[in-house]
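Numbering (the working numbering), first residue to last: 54 to 295.
Comments concern the structure below.
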């Protein structure tokens, strides 16, 4: 599915197209609201699933614990000498990139002026709705903000980096890993949309950011690897046959 030593340019092209689609979805369509409207009760002026304890326990807290558990498994793998001696660089790469992806999403979310659907006057709140790249000075009440992109969705999409790992087990099961990551992402995204915590564009933006962090990290890793190989060649040129 994915290249072992390089990241094909069409991955960056697909990533760019996804970014364009997210902007189009949020800024030029009403799909965000149309999807959220499915889960909104106009009579109660709220999202009924917002207070659903089972939904929060299984698909919110549960997915967070699952993500933490996966991260811990890779940490424990580093403690196994047989694994560490061969794959420590790849495991460390996975740990750092997944953490960086989640951190990037968290920081951007904290800086965001976009409020969550359940805070908007469209859905029983007080904040005004505005779109991506819209002038916030023209918005009377932007609300509490801190809702774009979705932080919870990053518990799944942070693992996109697994799809670019050359580790043998992950290579053999790339399709399965991709399905699991997308399934987790769908659950994490769906529960937040259903509860009124995020719009669809919010969760797609999280996937886009995590994917971009992974692609950039793979590019940096491959560039450094090529430079190291070139340096070794300069210092130890191949012997000429006689």
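Cβ atoms here follow ideal geometry from the backbone N, Cα and C, with glycine treated the same way.
Would you kindly check if the distance between the Cβ of residue j and the Cβ of residue i is under 7 Å?
i: residue 102; j: residue 108; result: yes
i: residue 254; j: residue 78; result: yes
i: residue 159; j: residue 199; result: no
i: residue 266; j: residue 153; result: yes
i: residue 193; j: residue 181; result: yes
i: residue 195; j: residue 249; result: no
i: residue 229; j: residue 120; result: no
i: residue 177; j: residue 247; result: no
i: residue 80; j: residue 173; result: no
i: residue 226; j: residue 201; result: no
i: residue 218; j: residue 143; result: yes
i: residue 65; j: residue 264; result: no
i: residue 85; j: residue 252; result: yes
i: residue 129; j: residue 136; result: no
In three-state terms, what does DSSP make of residue i?
i: residue 173; result: strand
i: residue 94; result: strand
i: residue 180; result: strand
i: residue 231; result: helix
i: residue 252; result: coil
i: residue 185; result: coil
i: residue 221; result: helix
i: residue 242; result: helix
i: residue 168; result: coil
i: residue 82; result: coil
i: residue 203; result: coil
i: residue 113; result: helix
i: residue 194; result: coil
i: residue 133; result: coil
i: residue 226; result: coil
i: residue 275; result: helix
On the DSSP bridge list, what partners appear for residue i?
i: residue 99; result: 94
Between residue i and residue j, which are expected to be in contact by the criterion C-beta below 8 Å, what is the C-beta distance as a whole number of angstroms?
i: residue 261; j: residue 75; result: 6 Å
i: residue 258; j: residue 238; result: Their Cβ separation, rounded to whole angstroms, is 12 Å, which puts residue 258 and residue 238 out of contact at 8 Å.
i: residue 214; j: residue 126; result: With a Cβ gap of about 14 Å, residue 214 and residue 126 do not count as contacting.
i: residue 112; j: residue 240; result: 5 Å
i: residue 140; j: residue 220; result: 6 Å
Consider the C-beta atom of residue i and the heavy atoms of the ligand ATP; say whether any pair is separated by less than 6 Å.
i: residue 176; result: This structure lacks the ligand ATP, and indeed carries no ligand of any kind.
Taking CB distances under 7 Å as the criterion, tell me whether residue i reaches chain C.
i: residue 155; result: No chain C is part of this structure, which consists of one protein chain only.
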